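Worksheet: one structure, shown below.
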Amino acid sequence: MEQKALFEYVLRMADDSLILGQRLGEWCGHGPILEEDIAMTNISLDLIGQAISLYDFAAELEGQGKTHDDLAFLRFENQYKNALLLEQPNGDFAMTMLRQFFFDAFRKPLFEALTKSPVAQLAAIAEKSLKETRYHLKHSSEWVIRLGDGTEESHRRAQDAIDHLWRYAHELFFEDEVDTALHAKSQVPMLKEIQTAWLENVKEILQEATLEIPTNNWKFEGGRLGRHSEHMGYILADLQYMQRAYPNMQW
Amino acid sequence: MVTPELLRSYLQEVSDPEIPVLTIIDLGVVQQIYLEDTHWIIELTPTYSGCPAMQQIEADILAKLQEKGVANAKVKHVLSPAWTTDWISEEGRQKLRLYGIAPPVDEPDKSVLFGDAPKVSCPKCNSQDTKMISLFGSTACKAHYQCTACKEPFDYFKCLK
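Taken in order, these protein sequences are the chains called V and S. Going by the working numbering, the first residue of the first sequence is number -6, and it counts up by one from there. Going by the working numbering, the first residue of the second sequence is number 102, and it counts up by one from there.
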């Protein structure tokens, strides 16, 4: 059971990284300025690199001889466990940056906590990824402030993005028996604790950016259990096309 | 006789595919080298998780050792301890500068959002009057800078700790 819980936990993290990495990759060649085109695809590459490490570990835990490619490319929609936030469309640049900021502010304290995990491979991946995530968070935070405290239009777009994404952000802290089983063994932090750090960070940056936290706490959940929004199928169609059309192809 | 030191000296001939003036030893990505049963294990650590050069480096390592007559080598990827720019050798830093890439300088804590950007010297004219254009440059490990004195745009190898 414990092995199974750990597999599920690592898979959720891997899917978060993969799906957001795929979304950011869509900006390639479409960034508002060249520097941001490069920044978003660089961050995408970091996330996909993290996903590879996490899928390798998940495959090892699963013990069925699968590779990271099998897990990334050859599952059905309801087998992906990423949070709904990460599959939301890129929208405008403000939407992409706010989605990124909510995620980076979640990942940083999570990786910090996981570096202390007795699960050696998980701690190693966290240690490696944390260094990258600090740069991602700095980048997205600075953009949130620049957009929020920028022009009337950039402020409006940033606030619209928050109002739209807020309902998805809570799912990052979704917990079930997977988390409680691993937490009981002190292998992972409870996400409630991470949420406290997250909210503090979010409040600080949004205040600096003159942006408001929505008072409506309506929330969507489902991704962690494999129930996705209508956008997920389109992402997978893109992501899996080559492997489905030409099984086992390599480059 | 094959020893870890000898293998390490062979790897001094393998260059980084993205920054060819640096060898992988200069870059500090080769960790322990040891014999395990019948194979030499070369531990390799990535600079960044998604660095696309890692597969190429692995292939280059095996090809170089093969060329030197060492056929029983394997590359093992390790993540911990995580790579840091502190592992770039002094010689490597010098080579970077000559190549036009500013080597990493110690930065204040990156968790501080509004911490000042580090003082990076222009690799062309050495002026410290430079500005950061973008935190993400041509690869994940570099940031994009410009010299205010001589106007030269240049890459800065970001400090990673």
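Cβ atoms here follow ideal geometry from the backbone N, Cα and C, with glycine treated the same way. Please read all numbers here as calculations on a predicted model, not as lab measurements.
- Interface with chain S (8 Å Cβ-Cβ cutoff): Gln180(V) is excluded.
- For the pair Thr124(S) and Lys212(V), the Cα-to-Cα distance works out to about 51 Å.
- In the pairwise beta carbon analysis, the region 250 to 259 of chain S is classified as touching the region 220 to 233 of chain S: at least three pairs are separated by under 8 Å.
- Boundaries of the beta strand (DSSP E) around Ser235(S): Thr231 to Ser235.
- Annotation for Pro254(S): no alpha helix (DSSP H) segment contains it, though the beta strand (DSSP E) segment containing it runs Pro254 to Phe258.
- Residue pairing from DSSP places Ile142(S) in a beta bridge opposite Tyr135(S) and Lys175(S).
- Per DSSP, Tyr246(S) is one residue of the beta strand (DSSP E) stretching across Lys243 to Cys248.
- Separation of Val179(S) and Met155(S) (C-alpha to C-alpha, rounded to the nearest whole angstrom) is 12 Å.
- Boundaries of the alpha helix (DSSP H) harbouring Tyr128(V): Ala113 to Gly141, taken from the DSSP string.
- In this structure, Ser122(V) is the residue among Ala202(V), Ser122(V) and Leu130(V) with its C-alpha nearest to the C-alpha of Gly42(V).
- According to the DSSP assignment, Phe50(V) belongs to the alpha helix (DSSP H) that extends over Leu27 to Glu55.
- By the criterion of at least three beta-carbon pairs nearer than 8 Å, the region 102 to 111 of chain V is in contact with the region 162 to 182 of chain V.
- The residue from Arg5(V), Arg16(V) and Ala7(V) with its alpha-carbon nearest to that of Leu229(V) is Arg16(V).
- Here Pro105(S) has Ile134 and Tyr135 as same chain residues with Cβ atoms under 7 Å from its own Cβ, once five neighbours each way along the sequence are excluded.
- Here Ala203(S) is bridged, per DSSP, to Tyr257(S).
- At least one CB of chain V lies nearer than 8 Å to the CB of Gly151(S).
- Against Ser181(S), the close residues of chain V are Ala113, Ala116, Ala117, Glu120 and Lys121, in the order they occur along the chain (beta-carbon pairs closer than 8 Å).
- Within the same chain, Leu140, Ser147, Arg150, Ala151, Asp153 and Ala154 come within 8 Å of Ala87(V) by CB-CB distance, once the 5 residues on both sides are set aside.
- Your pair Gln(-4)(V) and Leu54(V) checks out as a contact, with CB atoms roughly 6 Å apart and the cut at 8 Å.
- In the three-state reduction of the DSSP assignment, Ser147(V) falls in the helix class, which pools H, G and I.
- Among the bridge pairs identified by DSSP, Thr124(S) is matched with Ser116(S).
- Taking C-alpha positions only, Gly22(V) is separated from Thr139(S) by approximately 48 Å.
- Think of a sphere of 9 Å around the beta carbon of Glu125(V): the chain S residues whose beta carbon falls inside it are Tyr149, Ser150, Gly151, Ala241 and Leu261, in chain order.
- Ranking Glu70(V), Leu67(V), Tyr48(V) and Asn71(V) by CA distance to the CA of His61(V) puts Tyr48(V) first.
- Exposure of Glu145(V) is indicated by the presence of fewer than 16 other C-beta atoms within 10 angstroms of its C-beta.
- For Tyr239(V), the secondary structure class from DSSP, reduced to helix, strand or coil, is coil.
- For Trp159(V), the three-state secondary structure derived from DSSP is helix.
- Check the Cα spacing between Pro153(S) and each of Lys196(S), Ile120(S) and Asp256(S): the tightest is with Ile120(S).
- Not a single CB atom of chain S sits nearer than 8 Å to the CB of Glu53(V).
- Boundaries of the alpha helix (DSSP H) around Arg92(V): Phe86 to Leu107.
- In summary, the residues of the region 28 to 41 of chain V whose CB is separated from some CB of chain S by less than 9 Å are Glu28, Glu29, Ile31, Ala32, Met33, Thr34, Asn35, Ile36, Ser37, Leu38, Asp39, Leu40 and Ile41, in the order they occur in the chain.
- Burial is judged here by how many other beta carbons sit within 10 angstroms of a residue's own beta carbon; Gly226(V) has fewer than 16 and is exposed.
- Per DSSP, Asp8(V) is one residue of the alpha helix (DSSP H) stretching across Glu(-5) to Gly18.
- Using a CB distance below 8 Å, the part of the region 229 to 253 of chain S facing chain V consists of Ile234, Ser235, Leu236, Phe237, Gly238, Ser239, Thr240, Ala241 and His245, ordered along the chain.
- The DSSP-derived three-state label of Pro105(S) is helix.
- Glu1(V) counts as buried, since no fewer than 16 other beta carbons sit within 10 angstroms of its beta carbon.
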